[in-house]
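Colleague:
Number of protein chains: 2
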Amino acid sequence: MGSYSVVGKSIPNMDSLVKVTGGAVYTGDLKMPGLLIGKILRSPHAHARILNINTAKASKLPGVRRIITGKDTLGIKYGMWRVRPEFLDEEGLATEKVRYLGDAVAAVAAIDEDTALEALELIRVEYEPLPAVFTFEEAMKEGAPLVHEGFKSNVNVIRKIDIGDVEKGFKKCDYVREDTFHTQSVQHCPMETHVCVASYDPLGKLTLWDSTQSPYFVQVNLAATLGLRENDVRVIKGYVGGGFGNKVEFFSNEFCASLLAMKTGRPVRIEYTRREEFTVTRRRVPEIIKMKTGVKKDGTLVARESTILLDGGAYTGQVPTTTMLSGILGLFPYRIPNYRYLGQRVYTNNKPSGAMRGHGALQPNFASEVQLDLIAEELGIDPLDLRLKNAMQAGDGVPGIAPEITSCGLTECIKKLKESTHWRKKRKELPEGRGIGISCYAFTSGGIFNWFNTTLPFSEALVKLNNDGTVNLYTRAADIGQGVNTILIQMVAEDLGIRFEDVRIIAGDTETSTADLGAWSSRLTIHMGNAVRKAALDAKRQVFEIVGEKLGLRLHEELGARDGQIYIKERPDRAISFAEAVAAAQRAKDGMPIMGRGAYTPKGKGLVSSAWSFGAQAAEVEVNKETGVVRVLHLTTAHDCGTAINPRLVDGQLEGSAHMGLGQALSEDLMFQEGRVLNPSFRDYKLFTAPDMPEVKSIVVETYEPEGPFGAKEAGEGLTIPTGGAVANAMLHATGAAFKRLPITPEETFRALEKKAKKRRP
Amino acid sequence: MGSYSVVGKSIPNMDSLVKVTGGAVYTGDLKMPGLLIGKILRSPHAHARILNINTAKASKLPGVRRIITGKDTLGIKYGMWRVRPEFLDEEGLATEKVRYLGDAVAAVAAIDEDTALEALELIRVEYEPLPAVFTFEEAMKEGAPLVHEGFKSNVNVIRKIDIGDVEKGFKKCDYVREDTFHTQSVQHCPMETHVCVASYDPLGKLTLWDSTQSPYFVQVNLAATLGLRENDVRVIKGYVGGGFGNKVEFFSNEFCASLLAMKTGRPVRIEYTRREEFTVTRRRVPEIIKMKTGVKKDGTLVARESTILLDGGAYTGQVPTTTMLSGILGLFPYRIPNYRYLGQRVYTNNKPSGAMRGHGALQPNFASEVQLDLIAEELGIDPLDLRLKNAMQAGDGVPGIAPEITSCGLTECIKKLKESTHWRKKRKELPEGRGIGISCYAFTSGGIFNWFNTTLPFSEALVKLNNDGTVNLYTRAADIGQGVNTILIQMVAEDLGIRFEDVRIIAGDTETSTADLGAWSSRLTIHMGNAVRKAALDAKRQVFEIVGEKLGLRLHEELGARDGQIYIKERPDRAISFAEAVAAAQRAKDGMPIMGRGAYTPKGKGLVSSAWSFGAQAAEVEVNKETGVVRVLHLTTAHDCGTAINPRLVDGQLEGSAHMGLGQALSEDLMFQEGRVLNPSFRDYKLFTAPDMPEVKSIVVETYEPEGPFGAKEAGEGLTIPTGGAVANAMLHATGAAFKRLPITPEETFRALEKKAKKRRP
């Protein structure tokens, strides 16, 4: 860990100014000649066979340019788990059946939105309604109606983990308890809904401007479903107004806009309304978690069994990953030698679930963290001490999952939190109705398993050095507001010894870059960061070779690059400017600019992640026993993100995560009735707003992650995970009542307190 | 010359369909949030000192966002001949003096066009008018007012050529004649006027969407004048609605839009009106050519002396090149062993001149070709035979200019023309008032001399192979309608043995490409073509290495690529598909896509051009002796463009050239009075329209140019050159009168006929 010039500095997110001054052109802002507006007709049934679609009347409406239905498609199913063809079960437009209320049935392209909407009303669809399944009970019942034919049951994904010997483990325990936890459907709620503009040129090339977290996934899925080759499709990500996991997958707006553009020869935009955003995009997977944990008297964790049901909804999407992650992250961030997991993803006729920030981790973490406090209470151990005792350490490994945890600052995080929150004092002295709780977490830093079946490196970058001292960085990394562009530039500038403003980034376009899987699984810092560094170092090596000659370097002398100078390390006075050095290298190549390439695909890092981030959070709450309303007074998080490439951006992630975590803990709940979303608006779906937010404090614990660029790892998703547990545990402290269901609404709280009071009264 | 699969095929210009169906987004179509409209205040004086500019009132006009004058600039002068700093004499906004009527004095950015125009009217400029010079006589007179201070005279460029011994040559001649010729100012008249949109981001990066023939020249000049580094400026060329040489240079709209964007932080568009296009952009250089030529009795050319004055107007721009080319091309396409040239570019207070299709060649060619017919008449030799006798041949060289003409189909062109036009018969038998004339020409195929002082290769390209069988071609080549994108794709497809539609091109953007000088001097086919081929072959080599292993190639066996297959040449049954081969090569590189790079900078090809194209044209005319109106009945051109990469595009170039050539021969004339353009509109400036056009016939004579990709060379500019001469010679044939001034208007014709009639009457 040298001392850095650019890395580690709190450079403002490079996109901030242009965004706040209104200059950023988002996908929905794009105008082009002849642009048509597309709208999608949605199924009013949760489960039905399509008997007939009559578009005759709608087609005749003046201003309608084209209507497409499943019959206009190739009927090719898509999905995210391309490595398992049976998981490719979704269609851009339904061909035979609709499987949830909102399934895409037809799409219209018209000269304006009003015409498109009017046309939708004129389309007549004849359905044969089918019996539907909405709950685990209904879906898993013997002889239940099948959401997808051809499967034996609606349980289409089963994941198991078996570490150590759980039976023996439990036998050795002094105390074993089992609890059942419920987590809710959560909507991602980005400011910008799903939106894309498709354009098809007469030579057979499709271009999609898209608000997406993965230009590559969209490119591949578009190509597959439209019968094109991958590179006949270009996906260009513009500024993205938030994603949070909901823009990782492939959506019917992308499919329909593209197909309509191909059919009409004109550009087509489809932008989801807020209602569509709530009803037909993904949601966080609701889970029922049965967790059984056994400990020694002193609090040492010995064995755990976790059994989870996941409501995946009507299509598989990314939930096989969730199913896996919910198993793995039920174990983290503690040393539990014996662990067994059974996860079952269940088809229902609800809206499909998918990834969301803290993917698959938040749910089991809530269960585990709440249960730990109940155990601590039972054993009379301070919950913080219980965690310290069992915390994972660098050098630990999880058989079959993580060969080695190469960095882990969890213990330090807990200790810092303890100091910062005056933990002991508050645990003892907080008045009636107030409480403080802790929760710890871990998260992946760069997902590994190649379920998408890519033939490309996970990340690749190009770096071009210009003889005016500037550098171009070409990358497919998707900046979706998290600031990855900013930190990638920091890395390149650091490696080349130049300033932040010397680097221009060209990013997020499948045609000006080579490879990247997208912004998910907190992978970009580590995966693309490594690729970018390799590319920068490759370019630097080419320059150093020439500079070496120029400076008449002796064999043992080494060059360094810093502050725009390339110098002999042992004789820093002997230096030439970076621009001059590049110019010399370029001349030596007949004028051809110096280019470096670098790629990264994780190797030898096990099944799950390149690295693991850790952290601990404390919440302090005040519970109004009359109303059940909980106010969070403080939220303090200590996060181990390895080296913080940009502390300001880490802080930004923390602030956003706190907001999201609190909403999920206390207010957010996408509610369904027979497949129908009951609260598809910001009036009825309750997000925390600015005045609702408590003071949020962040403590960055820096470790050095050997697999990460400059020692960096994840700093964005992990932070959303602990809040449910921290709040519930604080409420346990404040009220003595256990909360095992998210969100913890005032009603829930009120009832729990009432129940508790009844118990007390004999 | 093997047999090709894609090269040589008449594939339609890839942009045609999107253009004719209205889908092409031109620069002027771009919309972005907060877009401001810029307008430029122009000098009403041809020569004046700026005493004061008062923008106070204009600044207060609601909707005005910013006004800039010379005081807001760095006062850095720019130009095209960067290798000679004294030729950098132009300013984006005048700081002290205005030098022609139309010089840019101030610029406004406002919320809309009306507001910007109103603001211009409110700007008060105090001028001190200075004596001005408009004609050669005025400008070259002893003690004439200097357009630019610091020079000894207004003659700021002098070019000389001296080959053989002209004095001795003339002494050996049997016949010597001297004539003086005049050529006019010609306006390029693209459908789309000059237009750009500038955007400046808060991190100091400037982006300019521009209708330009050279993104690179604009990038460099913008950086130089704005105090930025080259690569802090990105220039993106969109579809271009014609250039013809007028969009090669750097213009005040590009400068002012950029500076206004920097000052306002908002995007700014400046689009020239048609009037501005006529009055403040470039024009073809008007020349006065004194040509003295001596021949043997049998017509053998022995010596020539050419003395040319060029009205360069107020700024130097590219006219040093014109001055050179007008010297060189007064020699071509004939063997003239003794040649002397003196070219003087003169500063005047007229609008600046610049490059135009057939740059510097059209003017001396007119002189030479008309004079040849006068010589032929005198010697009693058929003009076609005179040309055949003196025609350059492959293997010839011109000392100091062209070490070796490596391909030349001129003789075949003349012979083909003779047959096709029934030359002999028509020369004898055409009725009174009808005539047929011939004219020959040569042109450069790729300018060489590095007057712009680039540090980059002249052209560079990247080729990326994808494992789905597609290929991406990255190039800075500027397709301005001529179809270079189409033929570059043909070359890549040919080299890789794939189909046209397998290649996607990413072009014309300084940030997604490395190097190219632009679309001028008919250089792209040969310069970028060579770069593209090298890149394709570099990529192919990488694939062949792996395929060789895969197919277990023996040492002596060679691979071929054709029809999407890579095969052993001697055993074509042993093949694998291109996609498979690329996939294998990619796997061998850990998934990294295969990329090839290639660059081309001419070497050992002399001072002027990588290669030379040749051709001959015949015009048949009918002269109305009552009105002086000339009707061109047929125009037949035989053109040697080496290998025609795409015969349909060559034809297209010919059709357009015929249109342009005829306008310049007969109707186009940008007229000036004391520096004021008298006819700045399509009402008064007479272009040939579709009904005016005669039948145009094209004969492609293919040679093989060793320096050209697949043997190709120029096919676009050369074709505009001969028409003035061919028409004048046909009129000489029809009427017996010599025409030495362009355009040959009905008035001119009428007077010449009258004069001739008077002479006949004793």
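The listed protein sequences derive, respectively, from chains A and B.
Position 541 of the first sequence, counting from 1, maps to 540 under numbering that gives the first Met the number 0, and the rest follow consecutively.
Position 739 of the second sequence, counting from 1, maps to 738 under numbering that gives the first Met the number 0, and the rest follow consecutively.
Where a beta carbon is used, it is the ideal one built from N, C-alpha and C, also for glycine.
Note that this is a predicted model, so its numbers are computed, not measured.
Can you give me, in chain order, the residues of the stretch 449 to 465 of chain A that have a beta carbon less than 9 Å from any beta carbon in chain B?
Modeller: Thr453, Thr454, Leu455, Pro456, Phe457, Glu459, Leu461, Lys463, Asn465
Colleague: Can you tell me which residues form a DSSP beta bridge with B/Met290?
Modeller: B/Asp178, B/Ser305
Colleague: Could you pull out every unbroken beta strand (DSSP E) segment of at least 3 residues lying fully inside the stretch 533 to 566 of chain A, listed in chain order?
Modeller: 558 to 561
Colleague: By Cβ distance below 8 Å, which residues in the same chain neighbour A/Lys38 in space, the five residues on each side in sequence not counted?
Modeller: Ala106, Val107, Ala109, Glu112, Ala115, Leu116, Ala118, Leu119, Ile269
Colleague: Between B/Ser444 and B/Gly651, what straight-line distance do the alpha-carbon atoms span, to the nearest angstrom?
Modeller: 18 Å
Colleague: Across which residues does DSSP place A/Ser576 in a beta bridge pair?
Modeller: A/Gln564
Colleague: Please name the residue in A/Phe365, A/Gly142, A/Val156 whose C-alpha comes closest to that of A/His181.
Modeller: Of the candidates A/Phe365, A/Gly142, A/Val156, the one whose C-alpha sits nearest the C-alpha of A/His181 is A/Phe365.
Colleague: Under 7 Å Cβ-Cβ, which residues of chain D neighbour A/Val24?
Modeller: The question asks about chain D, but that chain is absent: this structure's protein chains are A and B.
Colleague: Just reading off the beta strand (DSSP E) that A/Leu764 is part of, what are its end residues?
Modeller: One cannot answer for residue 764 of chain A here, as it falls past the ends of chain A, which runs 0 to 761.
Colleague: Could you check which residue in B/Ile66, B/Asn155, B/Ala514, B/Lys140 has the C-alpha nearest to that of B/Phe86?
Modeller: Cα-wise, what sits closest to B/Phe86 is B/Asn155.
Colleague: If the criterion is Cβ atoms closer than 8 Å, does the pair B/Val502 and B/Ala514 meet it?
Modeller: Result no, Cβ atoms of B/Val502 and B/Ala514 do not sit closer than 8 Å.
Colleague: For B/Tyr703, write down the residues that DSSP places opposite it in a beta bridge.
Modeller: Beta-bridge pairing links B/Tyr703 to no other residue.
Colleague: Can you tell me the Cα-Cα spacing of A/Gly293 and A/Glu304, whole angstroms?
Modeller: Each residue's alpha carbon lies about 9 Å from the other.
Colleague: Quick check on A/Asn465: buried or exposed, where buried means 16 or more other Cβ atoms within 10 Å of its Cβ?
Modeller: Burial check for A/Asn465: the Cβ neighbour count within 10 Å reaches 16 or more, so the residue is buried.
Colleague: With a threshold of 16 other CB atoms inside 10 Å of the CB of A/Ala55, please say whether the residue is buried or exposed.
Modeller: exposed
Colleague: Decide if the stretch 709 to 724 of chain A is in contact with the stretch 439 to 458 of chain A; the criterion is three or more beta carbon pairs, one per stretch, under 8 Å apart.
Modeller: yes
Colleague: What are the start and end residues of the alpha helix (DSSP H) that includes B/Phe277?
Modeller: Per DSSP, the unbroken alpha helix (DSSP H) holding B/Phe277 starts and ends at 273 to 279.
Colleague: Give a yes or no on whether the minimum CB-CB distance between B/Arg176 and chain A is below 8 Å.
Modeller: No, because no Cβ of chain A sits closer than 8 Å to the Cβ of B/Arg176.
Colleague: Can you look up B/Met0 in the DSSP assignment and give me helix, strand or coil?
Modeller: Because the pLDDT of B/Met0 is 39, which lies under 50, any placement of that residue in the model is unreliable, and the number read from its coordinates should be weighed accordingly. In the structure shown, the three-state DSSP call for B/Met0 is coil.
Colleague: Is the shortest distance between the beta-carbon of B/Gly528 and the beta-carbons of chain A less than 8 Å?
Modeller: no
Colleague: Assuming B/Thr768 contacts B/Val217 (C-beta within less than 8 Å), just tell me the rounded distance between them.
Modeller: No statement about residue 768 of chain B is possible, as the shown extent of chain B runs from 0 to 761 and does not include it.
Colleague: Just to confirm the assignment, what range does the alpha helix (DSSP H) spanning B/Ser58 have?
Modeller: 55 to 59
Colleague: Any idea if B/Gly74 is buried or exposed, counting beta-carbon neighbours within 10 angstroms, 16 or more meaning buried?
Modeller: exposed
Colleague: I'd like the list of long-range same chain contacts for B/Lys76, defined as Cβ closer than 7 Å, with 5 residues on each side in sequence excluded.
Modeller: Leu87, Asp88, Glu89, Glu90
Colleague: Below 8 Å, how does it come out for the stretch 587 to 607 of chain A and the stretch 394 to 402 of chain A: are there three or more Cβ pairs, yes or no?
Modeller: yes
Colleague: Tell me, please, whether the CB atom of B/Asp231 is closer than 8 Å to any CB atom in chain A?
Modeller: Yes - at least one Cβ of chain A is within 8 Å of the one on B/Asp231.
Colleague: Helix or strand or just coil, what does DSSP make of B/Glu89?
Modeller: strand
Colleague: Any contact of the stretch 281 to 290 of chain B with the stretch 91 to 100 of chain B, i.e. 3+ C-beta pairs under 8 Å?
Modeller: no
Colleague: Determine, for A/Asn51, whether the minimum Cβ-Cβ distance to residues of chain B falls below 8 Å.
Modeller: no
Colleague: Output yes or no for whether 8 Å exceeds the beta carbon distance between B/Phe577 and B/Ile593.
Modeller: no
Colleague: Where does B/Gly329 fall in DSSP's three states?
Modeller: coil
Colleague: Measure the alpha-carbon distance for A/Ser9 versus B/Leu227 and round it to whole angstroms.
Modeller: C-alpha separation (whole angstroms): 25 Å.
Colleague: I'd like to know whether the C-beta of A/Val17 is nearer than 8 Å to at least one C-beta of chain B.
Modeller: yes
Colleague: Assuming the contact rule is C-beta atoms closer than 8 Å, B/Gly357 and B/Ile720 should be a hit. Round their C-beta distance to whole Å, please.
Modeller: 4 Å
Colleague: I need the straight-line Cα distance from A/Met0 to A/Tyr703, nearest angstrom please.
Modeller: Residue placement at A/Met0 cannot be trusted, given a pLDDT of 39 that sits under 50; what the coordinates show is reported in the next sentence. Distance between the alpha carbons of A/Met0 and A/Tyr703: 8 Å.
Colleague: For the alpha helix (DSSP H) that contains B/Lys171, what are its first and last residues?
Modeller: Following the DSSP letters along the chain, one finds B/Lys171 inside the alpha helix (DSSP H) bounded by residues 165 to 171.
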